[in-house]
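What follows is a short report on a single structure.
Chains as they are written, first to last, in my numbering: chain A, 1 to 580; chain B, 1001 to 1580.
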């Protein structure tokens, strides 16, 4: 039998889709991309019918389909890529679940008002007001954040109880702003798939495996290679299904009696949308390569409001892999090494290298309005043999990688002067995508000075320029370093005055974007008048996040996704069946 | 006779609109905001018919209507506000016209490839490539910038020749990045209305007067208080008119035989759009208060693509007026005073105060990812009696204002300690809109240190921290300062060690936004497939600018607006009349 993910319950009907494809493809050629079908279209020839048609097979799609199925609905999952799991399959799959059952058992209080204060403080920092009834959030933001609090834990418990996603609690993982006075439960909100390895980096693979296995057991077909290209509406404007195209261009029309639920990811891999909406220049990201903003365009054509289009779940990424659109690329969630610094093209250290990844990525966007340039758009990580020997790792997107792994991004030099020459050569190759960024004439001497100053900080454990290692989240992502008994700050150690030296080029990127059609707290996609487009739902990174610019904690992506999948499935279950 | 702007040729038909309002208002109640009319609606009861219906009475609307009229078309202008001129009436109305006739007469060469290189360098700095055939721009960006080069000068000449907008050349005004090697014509591209005063600050009033006078002479009615709320399409999808609502809620339906041209400004005054699209937190701006993003929402509902939604024509603004949504507010185009600095809430000087306004505004967005705050979101301008006496002005949004003018934004103190206390009190009043921003405990001592360091720089004329006064554009906007024979840097003078002292609070703002529906080079609004929505045009800040983040020069707003008004009018003139 073939890959169980691609066959199983769905294989027979997938073959049927293929056979019927001829008639459907004429319809798609005649109709405008993304526009509603005419009533005549809608009444004709569906290739299959389900209560719920779920688009996307990452966590949001799998969870939405499972929650729907457990209420007695039929469901199908359509996945554009050739394999299942989307961005989830690449993730560590921490999931941030406020007031979860494990916290309760451990006696950790996490009252709703305090949770909302913490998220408001970070999502709307310029408008945060502890005295305001919604802490300065808009009603929509407040309600969406409240829905996460209310539903993430019941959703996680149900997934666990059904065997779709057993979890373990990781009580020591702090929120990303654990030091803020507004964070009254700085640890305890993070869960991971029970079978994840101790470092938790494979959580996504575990979750996709357990959730898709459960989906198949429940009779939910998962169709890969099926790109949804059209949302079908009946004459009354209710969404009643989709048209999808397979790898060979054959078109399938699938009827949704109750709802179409999109969970198709963001627009990380749509260069045009990125450039015209995101708040800074992004070079790519580690979202699944199929995350091209399809839902932004399809729902936009139905009149959906777009919201939070300016922000992304951000992280630095290695330049070469980002430019190559390498689908295997990980974001740099952990910046490895103690005897390691970042400098810019002027050889200057301009950032705390251990800043949490979402915040670190923002610092690459700093604009020099006199020179008309982004001085930190390409940064150079520099490390010595010590960090190479003791901090190499293939996990969490670290740039210091073990011998025998892909190290094409690593630049080497026996001396700092050699290293600078090699960096210069590498940057010249990429000049066409960096606005001609190259090392300044005084790079090597500035680099020497930057290292000397850093080494002084490393000796005392106090980074007087950027406070490296001062915050608990920086220790969480520090990775392995050579043990040095008694030192106070494990994130810093003097860089050796003897080579060899290593370097790598870093640019800003995303896990995925945060903007898209606005939904209500039940995942219903809203039109310009804040009215639901009947029958159309969205969850996850394909719709607008109410988090604004904030990355509240590890798992702040997947915890809310599970919550909204649960809420969307519940609301869709209550829909009356539509007329074609 | 009443205000000529509000009566004249249009008064009679305006009264007719009012009488017929009853029937129309039922239609608007029944139909969805922003959705197309049904065929039955469209076939019925238009209150008036013109070849062109132009929405907005700023420069883009007036010019589009005039250019249309001069080709023999009838046209009407619908203005949402109670008076005409939009943001234009508040502007200095410099207009940036590459390769203009005055340059040619003066022997200043401005070849098209060099012009395109300069705009590409600034609009897409991270992708600029002098070796690329489009210098790294997308085809659309390249074509749009080329259209500015091709048409701004013919458009300006025609407006001048017809007496609608006589101009004078200001050969000494530099581009905002005149020092860049890509700028081969660093001076000479700026024109201003001929009758503007020597400081040129009243150019917008002059232009609105001369252009609207000409429009009335040409028989173009200008209807104020008419908010377009609906774009009407015929059954084939062609735009054939609009529905507008007056101040009393009465609805008028106006037929456009050839085209509807929007020139209604951006979304500066739509808090929701600002927050969800712009690249940083904006407190408001000096666009006309009626610039609420109406066209983004109406054209979005017709399937228009949105582009460049992340950027704005930016400028700092005074906190109090921005929060009050004071329609009289000017952006801070000129930061007055030599014995004056900006500090943040920590008392630290973090920017070159004389940086050109668009670039200066960006620096307020800097994010501190460890503290989770914008440390420079509210800056405090501090000056002494010298600057108060010698640099006060009511022009260009300067904060140092003359005696007898509105100085409610000015905070005063006999000593620096007094001043700090007064600043603290003022900031406390605004805590609810600044995320609780308040002065740090060490503000007063840091302010002393910042002044001492600045005073050292002022004595030598060299700002070793931020290079204040090094660039020619900074001198352009320096304003009046006390003459000091022989000094090298007129932007700096030591701040007195004796009071009184003055301060004002500054936040980031916009002239107006830069994003909206994408058009082609003829102003035709494009759908998701890059096809024109038939009959629908847009020019100015209501549609997407191809400038990306760049503010190329003074007048880089109005020069392109004139060019695209000309091109849109020419293309619309060539349309065949539509069937209702």
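All residues carry an ideal CB built from backbone N, CA and C; glycine is no exception.
The straight-line gap separating the alpha-carbon atoms of residue 536 of chain A and residue 525 of chain A is approximately 6 Å. Its Cα nearest to that of residue 1237 of chain B, the residue B:1303 stands out among B:1217, B:1219, B:1303 and B:1178.
Within chain B, the residues whose beta carbon sits less than 7 Å from that of residue 434 of chain A are 1126, listed in sequence order. Here residue 52 of chain A carries a strand assignment [DSSP, helix/strand/coil]. Apart from the 5 residues on each side of it in sequence, residue 108 of chain A sits with its Cβ closer than 7 Å to the Cβ of 185 and 188 in its chain, given in chain order. In this structure, the alpha-carbon of residue 1376 of chain B lies about 7 Å from that of residue 1365 of chain B. For residue 104 of chain A, the number of other beta carbons within 10 angstroms of its own is below 16, and it is reported as exposed. Identification of residues in the segment 1347-1368 of chain B having a C-beta nearer than 8 Å to some C-beta of chain A yields 1352, 1355, 1356, 1358, 1359, 1360, 1362, 1363, 1366 and 1367, given in sequence order. Shown here, residue 1576 of chain B sits in coil according to DSSP, grouped into three states, outside any helix or strand. Taking 8 Å as the CB threshold, residue 321 of chain A stays off the interface with chain B. By the Cβ criterion, the segment 471-482 of chain A is not in contact with the segment 249-264 of chain A, since fewer than three pairs of Cβ atoms, one from each stretch, lie closer than 8 Å. When Cβ-Cβ separations below 8 Å define contact, residue 1269 of chain B makes no contact with chain A. Closest option to residue 212 of chain A, judged by alpha-carbon separation, among A:230, A:165 and A:473: A:165. Under the 8 Å criterion on CB atoms, residue 511 of chain A is classed as non-interfacial with respect to chain B. Bridge partners of residue 1499 of chain B according to DSSP: none are assigned.
If you draw a straight line from the Cα of residue 344 of chain A to the Cα of residue 351 of chain A, it is about 9 Å long. A straight-line Cα-Cα distance of about 11 Å links residue 217 of chain A and residue 162 of chain A. One Cα belongs to residue 1081 of chain B, the other to residue 1558 of chain B, and the distance between them is close to 20 Å. Around the beta carbon of residue 1575 of chain B, 16 or more other beta carbons lie within 10 angstroms, which makes this residue buried. Residue 1284 of chain B is not a Cβ neighbour of residue 1239 of chain B, given a cutoff of 8 Å. Residues of chain A with a Cβ closer than 7 Å to the Cβ of residue 1297 of chain B are, in chain order, 528.
The residue among B:1297, B:1341 and B:1203 with its C-alpha nearest the C-alpha of residue 1466 of chain B is B:1341.
Taking the Cα positions, residue 356 of chain A is about 15 Å away from residue 506 of chain A.
Residue contact check for residue 1553 of chain B against chain A: no CB pair falls below 8 Å. With the criterion set as a beta carbon lying under 7 Å from some beta carbon of chain B, the members of the segment 466-496 of chain A are 467 and 471, in sequence order. In the structure shown, residue 1096 of chain B adopts extended strand secondary structure according to DSSP, grouped into three states. The contact set of residue 133 of chain A on chain B, defined by CB atoms closer than 9 Å, is empty, because the minimum CB distance reaches about 12 Å. The straight-line gap separating the alpha-carbon atoms of residue 127 of chain A and residue 1435 of chain B is approximately 5 Å. Taking C-beta atoms as the reference points, residue 96 of chain A and residue 553 of chain A count as a pair closer than 8 Å.
The C-beta distance from residue 427 of chain A to residue 416 of chain A rounds to 16 Å, too long to meet the 8 Å contact threshold. Around the beta carbon of residue 77 of chain A, a 10 Å sphere encloses 16 or more other beta carbons of the protein chains shown; the residue is thus reported as buried.
Only exposed fits residue 1485 of chain B, as fewer than 16 other CB atoms lie within 10 angstroms of its CB. Among the residues of the segment 1275-1294 of chain B, those with a Cβ less than 9 Å away from any Cβ of chain A are 1275, 1276, 1277, 1278, 1279, 1280, 1281 and 1283, in the order of the chain. Of A:423, A:295, A:503 and A:75, the smallest CA-CA separation from residue 270 of chain A is found for A:295. Listed along chain A are 431, 432, 433, 435 and 436, each with a C-beta nearer than 9 Å to that of residue 1129 of chain B. Under the 10 Å beta carbon count, residue 1429 of chain B is surrounded by fewer than 16 other beta carbons and is classified as exposed.
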